[in-house]
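Just below is one structure, and these are the notes that go with it.
In UniProt numbering, the protein residues as written are 1 to 315.
As structure tokens, this is what we get:
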């Protein structure tokens, strides 16, 4: 297979959580920011192991059963989403998580990442995406905090994100080699990594002309037709993709990554992981962003807007 060069990248801006607080905390920002150790004092770091999550039970003693995501859905054909029990799935992840992560694995292996100088441009190892099939069963976008409200006390998102805003939270749990395809969300997002590690590639909004916007529907998001797991099969999309300039972040357990609205991004899990995405909108953003997206969602459920070409249903 011909080697794929892809876009050039730089490391995302990074700061330690304690330094962020000494600098006055998080303010207005339009670029991604990786906060190392942001979760180090949150109860979630103690309470959210795979084993503890597997033991969750409803008040009636019932075990959670959730609709899973079947492989990569942002690009390609959406497959049937099975409803499965959470407990056995997480118990299996606990066993997989006991295996150490090698320093030569990933789009940017750790061994190479530590050799980069500040501000240095680099290219990713896209052969990593050919080393596995992106077909892992993935517990994605589970609104666990609504089903188990007591778990909200395990997160101190206000420490990172002060001020009033309407937020909604989704948990992502899955094995290594799960892939979330290229897309952007209309709200800002704090992505909090509780267990495991993930690689993020991010592209600020000025790259949009080269992102090959898809017609596939996903609530609250705009998708790209660029499939990072099949770049070798997409010569026209790859040609556009290589015109972009990206940012790279490795988000490890205890870290939080700020993803500004309309920032294109894709995610590849390096290890079994537990993550919490916290999306937030201020009152004006609810009015001018949330309402139009909800109207599209209503029309979609009525089969009047992109029905059969979406991430939520297999047609």
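Quick reminder that beta carbons are idealized off the backbone N, C-alpha and C, glycines included.
The beta carbon of residue 41 sits closer than 8 angstroms to the beta carbons of 156 from its chain, once the five residues preceding and following it are set aside; these are given in chain order.
At the C-beta level, residue 90 and residue 50 come within 8 angstroms of one another.
If only complete runs of 3 or more residues are kept, the segment 177-208 shows the beta strand (DSSP E) at 179-185, 188-195, 197-203, in order along the chain. In the three-state reduction of the DSSP assignment, residue 247 falls in the strand class. Using a Cβ-Cβ distance cut-off of 8 angstroms, the segment 173-193 and the segment 270-283 are in contact, since at least three pairs of beta carbons, one from each stretch, lie closer than that value. In the DSSP assignment, residue 142 is bridged to 171.
Exclusion of the five residues before and after residue 44 leaves 154, 155, 194 as the residues of its chain whose Cβ lies within less than 7 angstroms of its Cβ. The three-state reading of DSSP puts residue 50 in helix, counting H, G and I together. If you draw a straight line from the Cα of residue 282 to the Cα of residue 187, it is about 9 angstroms long. Straight across, the Cα-Cα distance linking residue 206 with residue 263 is about 9 angstroms. The shortest CA-to-CA distance from residue 167 to any of 135, 239, 65, 146 is the one to 146.
Under the 8 angstroms Cβ criterion, the segment 208-222 counts as touching the segment 237-247, having at least three qualifying pairs. Scanning 140, 87, 53 for the CA closest to the CA of residue 151 turns up 53.
Relative to the Cα of residue 15, the nearest Cα in the group 98, 309, 258, 312 belongs to 258.
Leaving aside the five residues that flank residue 47 on each side, the residues in its chain whose CB is nearer than 6 angstroms to its CB run, in chain order, 154.
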